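K.L.:
Mind having a look at this structure? Questions to follow.
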Amino acid sequence: MTAKMNSVCYHAPGQMSIIQTDIPKIDDNQVLVKVTCCGICGSDVGICSGGFGVKFPLIPGHEIIGIVSQVGALVKDFVVGDRCAVDNIINCEACFFCRRNQPIQCTNIKIIGVHLPGAFTEYIAVSAKMVYKIGGISDEEAIFIEPISCAIHGVDRLGSLVPGMNALVIGAGVHGIVLSQLLKLNGASCVTLAANRGKKMDIARQVNAADVYVEFDRADPTSQWTSLKEENPLGFEVVIDATGSAKVVNDALDFVRSGGTLLLYGLYSDDAMVQWSPTKIFANEIKVIGSFGQKHCFSRALEYLQRNKINVKGLVTDVFPINDFNNAMDKVGTKDCCKIVIKPSL
Ligand SMILES: [Zn+2]
Ligand SMILES: [Zn+2]
Numbered sequence: 001m002t003a004k005m006n007s008v009c010y011h012a013p014g015q016m017s018i019i020q021t022d023i024p025k026i027d028d029n030q031v032l033v034k035v036t037c038c039g040i041c042g043s044d045v046g047i048c049s050g051g052f053g054v055k056f057p058l059i060p061g062h063e064i065i066g067i068v069s070q071v072g073a074l075v076k077d078f079v080v081g082d083r084c085a086v087d088n089i090i091n092c093e094a095c096f097f098c099r100r101n102q103p104i105q106c107t108n109i110k111i112i113g114v115h116l117p118g119a120f121t122e123y124i125a126v127s128a129k130m131v132y133k134i135g136g137i138s139d140e141e142a143i144f145i146e147p148i149s150c151a152i153h154g155v156d157r158l159g160s161l162v163p164g165m166n167a168l169v170i171g172a173g174v175h176g177i178v179l180s181q182l183l184k185l186n187g188a189s190c191v192t193l194a195a196n197r198g199k200k201m202d203i204a205r206q207v208n209a210a211d212v213y214v215e216f217d218r219a220d221p222t223s224q225w226t227s228l229k230e231e232n233p234l235g236f237e238v239v240i241d242a243t244g245s246a247k248v249v250n251d252a253l254d255f256v257r258s259g260g261t262l263l264l265y266g267l268y269s270d271d272a273m274v275q276w277s278p279t280k281i282f283a284n285e286i287k288v289i290g291s292f293g294q295k296h297c298f299s300r301a302l303e304y305l306q307r308n309k310i311n312v313k314g315l316v317t318d319v320f321p322i323n324d325f326n327n328a329m330d331k332v333g334t335k336d337c338c339k340i341v342i343k344p345s346l
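Sequential numbering from 1 applies to the sequence shown in UniProt numbering.
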């Protein structure tokens with residue numbers, strides 16, 4: 001009898017059940033990873049409702065940590081028992097964008113947990129070249145390799161950062177917390193983190209994410225925005241929206257210093273619109289850029305964690321078993337959590 005495993009499976013938008021399937025077989029270049037931990041990303045809400053071009057049935061889950069439990073015949077760098085993280089982006093290396101070194105824009109991109117079976121399951125077969133050993137850090141730290149990799153790509157997108165720049169990060173979810181720390185490590189003399197008052201902001205302070213914290217009143221943040229403007233009349237060289245709110249992005253432009261950059265780093269609804277003065281962008285020479293996902297940033301993210309340069313202790317606020325996936329998803333995006341992870345062993 002073949003061994004079976006349990007997986008979260010979406011059959012249609014929002015329609016999930018736990019399925020039992022055979023443990024996948026690996027080819028010569030793959031390893032079989034026993035999943036110990038898989039983070040729920042904000043994007044999983046969109047993915048499980050049919051966004052991002054997903055095809056059902058789908059096993060979601062793209063923040064993957066586990067243990068190598070089988071090794072393909074041609075794999076040299078891993079042995080059974082290696083703890084590992086799995087990169088989730090597979091680009092085709094042949095399309096127009098891949099040939100121009102823009103793998104994230106690959107027109108044939110395949111993302112594990114979006115277009116390919118993901119890791120809200122017990123075992124996953126992946127190409128060994130997607131796998132990174134994670135010595136020296138815990139699973140609950142390693143779960144942040146993927147979000148930190150995305151943040152590294154975001155900072156790469158900002159281009160050459162000037163030592164002594166000041167930055168404003170809006171939003172204190174995982175991405176805001178990680179981006180703030182990364183900016184401090186990459187030349188910012190002062191990072192201001194502005195977000196709604198609550199648990200996420202408390203965690204941001206605990207990990208010393210920023211230099212200055214602006215806590216918005218959830219009911220009416222007008223006065224905090226006004227004093228932020230008064231205290232920083234020339235604005236910030238770098239402003240990052242990590243909220244995904246079009247309204248925040250719209251207003252964020254007013255906080256960009258002349259010659260500065262606004263980075264859009266949130267999941268916006270497809271029909272969201274902003275209304276900006278083109279004159280301001282033109283005359284004040286403002287750059288507006290986007291950053292989506294990452295490619296080949298895992299090893300840098302891992303080193304930041306191994307060297308304790310980025311602190312993620314306490315960011316995992318909730319752990320759920322596979323069987324409780326619906327409850328975990330209900331909690332994602334609420335103000336009472338930061339990172340939620342699924343542990344198949346529970
Ligand atoms: Zn994600
Ligand atoms: Zn491609």
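Every residue gets a Cβ at the ideal spot worked out from N, C-alpha and C, and that includes glycine.
Please read these numbers as outputs of a predicted model, since none were measured by experiment.
Who pairs with GLU215 in a beta bridge, going by DSSP?
P.N.:
In the DSSP output, where bridge partners are listed per residue, GLU215 has ALA195.
K.L.:
Give the secondary structure of GLU237 by DSSP, where H, G and I count as helix, E and B as strand, and everything else as coil.
P.N.:
Strand at GLU237.
K.L.:
Please give the ranges of any alpha helix (DSSP H) in the stretch 297 to 336, keeping only runs that are unbroken, at least 4 residues long and fully inside the region.
P.N.:
Listed in chain order, they are 298 to 306, 325 to 331.
K.L.:
Helix, strand or coil, according to DSSP, for GLY290 in the structure here?
P.N.:
DSSP places GLY290 in strand when its eight states are reduced to three.
K.L.:
Give the straight-line distance between the Cα atoms of ASP139 and PHE292, rounded to the nearest whole angstrom.
P.N.:
Rounded to whole angstroms, ASP139 to PHE292 spans 24 Å at the Cα level.
K.L.:
Tell me the DSSP secondary structure of ASN250 in three-state form.
P.N.:
Of the three classes helix, strand and coil, the one that applies to ASN250 here is helix, per DSSP.
K.L.:
Given the structure, does SER43 come close to ligand 1, in the sense that its CB is under 6 Å from one of the ligand's heavy atoms?
P.N.:
Checking the Cβ of SER43 against ligand 1 gives yes.
K.L.:
Confirm the yes/no value for this check: CB of CYS38, any heavy atom of ligand 2, distance under 6 Å.
P.N.:
No, since every heavy atom of ligand 2 falls outside the 6 Å radius drawn around the Cβ of CYS38.
K.L.:
Ligand 2 heavy atoms versus the CB of ASN88: any closer than 6 Å?
P.N.:
No, the Cβ of ASN88 stays beyond 6 Å of every heavy atom of ligand 2.
K.L.:
What does a CB cutoff of less than 7 Å around LEU185 pick up in its chain, not counting 5 residues either side in sequence?
P.N.:
Correct list, in chain order: LYS309.
K.L.:
Please state the DSSP three-state secondary structure of ASP44.
P.N.:
It is helical.
K.L.:
Among PRO103, TYR123, ASP254, which one has its Cα closest to the Cα of residue 385?
P.N.:
Since the first residue shown for the chain is 1 and the last is 346, residue 385 is missing from the structure and cannot be characterised.
K.L.:
Among the candidates LEU179, PRO163, VAL162, LEU161, whose CA atom is the shortest distance from the CA of VAL169?
P.N.:
For VAL169, the nearest C-alpha among the options comes from LEU179.
K.L.:
With distances taken between CB atoms, is the gap from VAL31 to VAL86 smaller than 7 Å?
P.N.:
For VAL31 and VAL86, no; Cβs fall outside 7 Å.
K.L.:
When the distance is taken between beta carbons, is ALA210 closer than 7 Å to VAL191?
P.N.:
Yes, the pair counts as a contact, with Cβ atoms nearer than the cut-off.
K.L.:
Say the cut is 6 Å; is the CB of ASN91 nearer than that to a heavy atom of ligand 2?
P.N.:
Yes, the Cβ of ASN91 comes within 6 Å of a heavy atom of ligand 2.
K.L.:
Secondary structure at CYS150, three-state DSSP: helix, strand or coil?
P.N.:
Residue state, collapsed to three classes: helix.
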